[in-house]
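Enquirer: Just passing along the structure, written as structure tokens.
2 protein chains.
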Amino acid sequence: MAKLSMIWGLVLVVGATAWVANAQSSGLPQLDQNEWWGSQVLLKDSATLQSRKTIKPFHVTFSQEMIDYLKRRISNHRSYVPPLEGTAFEYGFNPDQIGTWADYWVNEYNFTTGESVLNQFPQYKTNVQGLDMHFIWVKPEVPDGVTSVPLLLLHGFPGSIREFFEAIPLLTTPTNGLVFEVIVPSLPGYGFSDGAVRPGMGPAQIAVILKNLMKKIGHQKFYIQGGDWGSVIGRAIATLYQDDVLGFHSTALTVFNSCAEILNLLGGYIATLQVEIHQYNRTALTNIAEETGYVHLQATKPDSVGISLSDSPIGLLTYVLEKFSTWTHPSNRLRQDGGLFNHFTREQMIDNLMIYWMTNSMTTAMRLYAEYFSRAHRGLGLDEHPTKVPVWNIKAPNDLFPQPLNKMKFLNVVGVTVLNDGGHFLALELPEAFAADVFKAVEAFKKFHANRRTDL
Amino acid sequence: MAKLSMIWGLVLVVGATAWVANAQSSGLPQLDQNEWWGSQVLLKDSATLQSRKTIKPFHVTFSQEMIDYLKRRISNHRSYVPPLEGTAFEYGFNPDQIGTWADYWVNEYNFTTGESVLNQFPQYKTNVQGLDMHFIWVKPEVPDGVTSVPLLLLHGFPGSIREFFEAIPLLTTPTNGLVFEVIVPSLPGYGFSDGAVRPGMGPAQIAVILKNLMKKIGHQKFYIQGGDWGSVIGRAIATLYQDDVLGFHSTALTVFNSCAEILNLLGGYIATLQVEIHQYNRTALTNIAEETGYVHLQATKPDSVGISLSDSPIGLLTYVLEKFSTWTHPSNRLRQDGGLFNHFTREQMIDNLMIYWMTNSMTTAMRLYAEYFSRAHRGLGLDEHPTKVPVWNIKAPNDLFPQPLNKMKFLNVVGVTVLNDGGHFLALELPEAFAADVFKAVEAFKKFHANRRTDL
Chain A
1 MAKLSMIWGL
11 VLVVGATAWV
21 ANAQSSGLPQ
31 LDQNEWWGSQ
41 VLLKDSATLQ
51 SRKTIKPFHV
61 TFSQEMIDYL
71 KRRISNHRSY
81 VPPLEGTAFE
91 YGFNPDQIGT
101 WADYWVNEYN
111 FTTGESVLNQ
121 FPQYKTNVQG
131 LDMHFIWVKP
141 EVPDGVTSVP
151 LLLLHGFPGS
161 IREFFEAIPL
171 LTTPTNGLVF
181 EVIVPSLPGY
191 GFSDGAVRPG
201 MGPAQIAVIL
211 KNLMKKIGHQ
221 KFYIQGGDWG
231 SVIGRAIATL
241 YQDDVLGFHS
251 TALTVFNSCA
261 EILNLLGGYI
271 ATLQVEIHQY
281 NRTALTNIAE
291 ETGYVHLQAT
301 KPDSVGISLS
311 DSPIGLLTYV
321 LEKFSTWTHP
331 SNRLRQDGGL
341 FNHFTREQMI
351 DNLMIYWMTN
361 SMTTAMRLYA
371 EYFSRAHRGL
381 GLDEHPTKVP
391 VWNIKAPNDL
401 FPQPLNKMKF
411 LNVVGVTVLN
421 DGGHFLALEL
431 PEAFAADVFK
441 AVEAFKKFHA
451 NRRTDL
Chain B
1001 MAKLSMIWGL
1011 VLVVGATAWV
1021 ANAQSSGLPQ
1031 LDQNEWWGSQ
1041 VLLKDSATLQ
1051 SRKTIKPFHV
1061 TFSQEMIDYL
1071 KRRISNHRSY
1081 VPPLEGTAFE
1091 YGFNPDQIGT
1101 WADYWVNEYN
1111 FTTGESVLNQ
1121 FPQYKTNVQG
1131 LDMHFIWVKP
1141 EVPDGVTSVP
1151 LLLLHGFPGS
1161 IREFFEAIPL
1171 LTTPTNGLVF
1181 EVIVPSLPGY
1191 GFSDGAVRPG
1201 MGPAQIAVIL
1211 KNLMKKIGHQ
1221 KFYIQGGDWG
1231 SVIGRAIATL
1241 YQDDVLGFHS
1251 TALTVFNSCA
1261 EILNLLGGYI
1271 ATLQVEIHQY
1281 NRTALTNIAE
1291 ETGYVHLQAT
1301 KPDSVGISLS
1311 DSPIGLLTYV
1321 LEKFSTWTHP
1331 SNRLRQDGGL
1341 FNHFTREQMI
1351 DNLMIYWMTN
1361 SMTTAMRLYA
1371 EYFSRAHRGL
1381 GLDEHPTKVP
1391 VWNIKAPNDL
1401 FPQPLNKMKF
1411 LNVVGVTVLN
1421 DGGHFLALEL
1431 PEAFAADVFK
1441 AVEAFKKFHA
1451 NRRTDL
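See the structure below:
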């Protein structure tokens, strides 16, 4: 085995050389700052467009019709083949757990409460580049001696704005003279935000949209927090608009470029290249293949699978909750109930599903994978460009994949927090630790900028 | 680019050396020839078991209840997001095509006819190793001067026994003094055959089951035809039982072992290593990543995705028909209707879906991927062992993947047919060409054996 590893090492080094030689550094891509992603009809209807461009309050409504239909669908689900004997979540969501969740969703989940939960923060919609963008926007009270700064919170898949509901009250409460004005958009194609009507809207293009949204509501400069897609889109914003992003706090400060891929690959063999060894007792590759089938499928045939999840609430539930189970702790695969009840409330899980279900947005959400893993998006070469935006990395030990902090990309790493607990959905699972770390990071970002000014 | 390719070539050659060095040849794996895959309850209930071990005629019944429920489900489908502008099947099944198919399935498909189509051949069930195995068994009339030989026909995913319905009458009609007694099982976990109740039933274990089934119905020696899973399972039978398989006819005489993987990989760069260049104007890797998302997901989380397809007939339809579209001709991805109507009848497509739907077998069908791509199955090293069984390779030019004929595995290649037309589902698409080639191959297999006897 040692010999084999050495030969593999050689293979990878040669490969790395070839790959790096192939990578070319040129200027940042010039993206159309007003690219139109909506329908041509809307573009030509200036009265409607003008109206939709205004910023309007938005409320979520659970119509009785929607609730009745959903309940019928769930109750009327087909019987399922039992799980293979002796297995829990190893083959995916354990079919034996469907009954409990279906019963809860139909008979115990309080739809009235769920609706108010989704309406507990001020929400708005406004049309940006053809898409009606939905966002939560909480402007905190700012007592004397307290500084308020804008913070863009970006969710991931298969999450939603719901990921941040426990953290928002903490972030909007003044702490040590600092408080956040939080802006939490539904990503385009997710939940209450429109999806693009034509191909090509990847993370770089979404970065343009979100930057325009922030400008529209009056913020030229702002902080960003994001994990999962939020980290990919956050780093796109932090790369394209380096002067506007004041700081970027993320669970994943990795990149997807030539060098990083080699490093990730080698990291599968030599874990310390990627992670503090005390933190992870496994290598990346072991889990990566096992846990990325959904990425592969969604990146290639999002519509084929999105359709079934939009037509079956139980299918949606099993597909999504499997992720909340395994990504929160890999050992949850061995638990009969997927360990879900140890980390989340049932309400949290169903609130999130309600957003996907009522907006019928799973297909447009999945298309983001296809746009990201496209040649066109990769051709932009965004990740070949470093960013000077100060960053702070928070690492949760149970997150499924080690996400190596890439110091070639992120030139100003202001701090790293290594937690003793927590998984992929950190804001939802450990809101206090999450919010405290955001405060800490932004304090550090402010010091970073203050010192820079002194340096001049 | 030339330089890059050379470096990559070097990488692959070094990698190949390492990989081959790692491969160890040892004896054929000793599989339990009576491994029990059914429930423990059945094992202990000897009266029931004895009864189920007998070979009983079987008929498909479309109950009115099932039909009504299915129609309700289809008609009641949710609205779908439109396809991205200017796209057809590039993001998966084109959502604009759902309406046509849903309407056909509910209003035009003749369920009575469909039921008789599925009952047009004699069918049986018998319990083998704990699983009720379903199979079509057509014993032809054998006039004087005609030789009848047994032929095991093996289907794939997302197909079924339905793949062979047009070919069966041709194969069971005497031609040049030869006729086939055909045995067409539903693979375990597919359609009307039980799935295993515990993990571990991969192609090797299915090979044992099918061999036992053939013996049970009186055939010690037989021919095999199979593509897709049928080729994987067929080559497992042809490896484990080399004296019993008289010949193996397949669209895919490739293997999944250390050498072959390197060759496949190199074949992505140097196509002539794999295929006649006049036949394919593309390389393997281009399509492989784009078209194997479903493999990746089904090999890792079959239950998570199987559940939604079992709960949504439209989800099932889109997921399955996308495969029939793209695998039949890669250019079908660019056709608004996926080109399905150019190759198949609507009845054929829905008959096949009816089998998955009425038996609720998508989840157990998908689990085969998980068992095949498991360490345990790979550890058997079946594909490291050559087989002396004579083989005949039929190549259809439009099949999605070039399937290189592996001459290290198959020591006796009796013939190769290169067609000018046809795709992955050859028996269904071109039954005449398919059946004619099977006759031709078996004639050659018979000569092969006759010559060998002379040699002795």
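From first to last, the protein sequence lines stand for chains A and B.
So the first sequence is numbered by the numbering used here: it starts at 1 and just counts up by one.
So the second sequence is numbered by the numbering used here: it starts at 1001 and just counts up by one.
For glycine and all other residues, C-beta sits at the position ideal for the given N, C-alpha and C.
Model, not experiment: these values are computed from the prediction.
#1: With a Cβ-Cβ cutoff of 8 Å, do T318 (chain A) and S1308 (chain B) count as a contact?
#2: Below 8 Å on C-beta distance, what does H1077 (chain B) contact in chain A?
#3: Measure the beta-carbon distance from G191 (chain A) to S231 (chain A) and round it to whole angstroms, keeping in mind my assumption that it falls under 8 Å.
#4: Would you please state the rounded distance, in angstroms, between the beta carbons of D244 (chain A) and K211 (chain A)? I believe it to be under 8 Å.
#5: Return the chain-ordered list of same chain residues with a C-beta closer than 6 Å to the C-beta of N127 (chain A), the five sequence neighbours on each side being excluded.
#6: Does the pairing of the region 1431–1438 of chain B with the region 1333–1344 of chain B give three or more beta-carbon distances under 8 Å?
#7: Measure the C-alpha to C-alpha separation of D1421 (chain B) and A1396 (chain B) and round it to an integer number of angstroms.
#8: Who are the Cβ neighbours of Q123 (chain A) in its own chain at under 6 Å, not counting the five residues just before and after it?
#9: Where in the region 353–422 of chain A do unbroken runs of the alpha helix (DSSP H), each at least 4 residues long, occur, reported from the N-terminal end onward?
#10: Taking any Cβ of chain B, which residues in the region 286–303 of chain A have a Cβ under 9 Å from it, in chain order?
#11: Measuring CA to CA, which of A:V41, A:S63 and A:A252 is closest to K409 (chain A)?
#12: Out of curiosity, what's the CA-to-CA distance linking M214 (chain A) and E181 (chain A)?
#13: Tell me which residues of the region 187–199 of chain A have at least one Cβ-Cβ distance to chain B shorter than 8 Å, keeping chain order.
#14: Cβ of T1175 (chain B) less than 8 Å from any chain A Cβ?
#15: Any idea if L1449 (chain B) is buried or exposed, counting beta-carbon neighbours within 10 angstroms, 16 or more meaning buried?
#16: Establish whether the CB of S108 (chain A) and some CB of chain B are separated by less than 8 Å.
#17: For a cutoff of 8 Å on Cβ pairs, would you count R1367 (chain B) as touching chain A?
#18: DSSP three-state call for V41 (chain A): helix, strand or coil?
#19: Of the residues A:V184, A:G195 and A:K139, which one's Cα is nearest the Cα of S39 (chain A)?
#20: Quick test of your reading: F89 (chain A) and S325 (chain A), contact by CB under 8 Å. State the CB separation rounded to the nearest angstrom.
#21: Taking the alpha helix (DSSP H) that I233 (chain A) belongs to, which residues open and close that run?
#22: Keeping to the same chain, check which residues put their C-beta closer than 8 Å to that of G1177 (chain B); ignore five residues upstream and five downstream.
#23: So with Cβ pairs under 8 Å, would you call A1435 (chain B) a contact of chain A?
#24: Using a cut-off of 8 Å between C-beta atoms, extract the partners of L1084 (chain B) located in chain A.
#25: With 16 other CB atoms within 10 Å as the buried threshold, where does R375 (chain A) fall?
#26: In terms of residues, what are the limits of the beta strand (DSSP E) holding Y1223 (chain B)?
#27: Return helix, strand or coil for D132 (chain A), following the three-state DSSP convention.
#28: If you follow the alpha helix (DSSP H) that S1116 (chain B) is part of, which residue opens it and which one closes it?
#29: Please classify R1367 (chain B) as buried or exposed, where buried requires at least 16 neighbouring CB atoms within 10 angstroms.
#30: Can you tell me whether Q403 (chain A) is buried or exposed, with buried defined as 16 or more other CB within 10 angstroms of its CB?
#31: Per the DSSP calculation, E475 (chain A) is bridged to which residue(s)?
#32: In this structure, does DSSP put K446 (chain A) in helix, strand or coil?
#33: Grab me the residues of F1357 (chain B)'s own chain with a C-beta within less than 7 Å of its C-beta, minus the 5 sequence neighbours each way, in chain order.
#34: So for H249 (chain A), helix, strand or coil by DSSP?
#35: Which residue's Cα is closest to the Cα of W1036 (chain B): B:G1092, B:T1112 and B:Q1129?
#36: Let me check understanding here. Comparing Cα to Cα, which of B:R1333, B:G1415 and B:P1185 lies closest to T1087 (chain B)?
Expert: According to the structure data:
#1: Yes, they are a contact pair.
#2: D311
#3: That belief does not hold up - the Cβ atoms of G191 (chain A) and S231 (chain A) are roughly 19 Å apart, past 8 Å.
#4: 7 Å
#5: R52 and K53
#6: no
#7: So the two alpha carbons sit approximately 6 Å from each other.
#8: F58 and I136
#9: 362–372 and 375–379
#10: Answer set for the region 286–303 of chain A: A289, E290, E291, T292, G293, Y294, V295, H296, L297, Q298, A299, T300, K301, P302 and D303.
#11: A:A252
#12: 12 Å
#13: G195, A196, V197, R198 and P199
#14: Not an interface residue.
#15: The sequence shown places His at residue 1449 (chain B), rather than the Leu named in the question. Its Cβ having fewer than 16 others within 10 Å, H1449 (chain B) is exposed.
#16: Before going on, a small fix: residue 108 (chain A) reads as Glu here, not Ser. Chain B contact via Cβ: absent.
#17: yes
#18: It is helical.
#19: For the residues A:V184, A:G195 and A:K139, the minimum Cα distance to S39 (chain A) belongs to A:G195.
#20: 6 Å
#21: Boundaries of the alpha helix (DSSP H) harbouring I233 (chain A): W229 to L240, taken from the DSSP string.
#22: G1145, V1146 and T1147
#23: no
#24: A196, V197, R198, P199 and R367
#25: exposed
#26: F1222 to G1226
#27: Under the three-state reduction of DSSP, D132 (chain A) is assigned to strand.
#28: F1111 to L1118
#29: buried
#30: buried
#31: This structure leaves residue 475 (chain A) out entirely; chain A is present only between 1 and 456.
#32: helix
#33: At residue 1357 (chain B) the sequence reads Trp, which differs from the Phe that was named. L1070, P1313 and L1316, listed in sequence order.
#34: strand
#35: B:Q1129
#36: B:R1333
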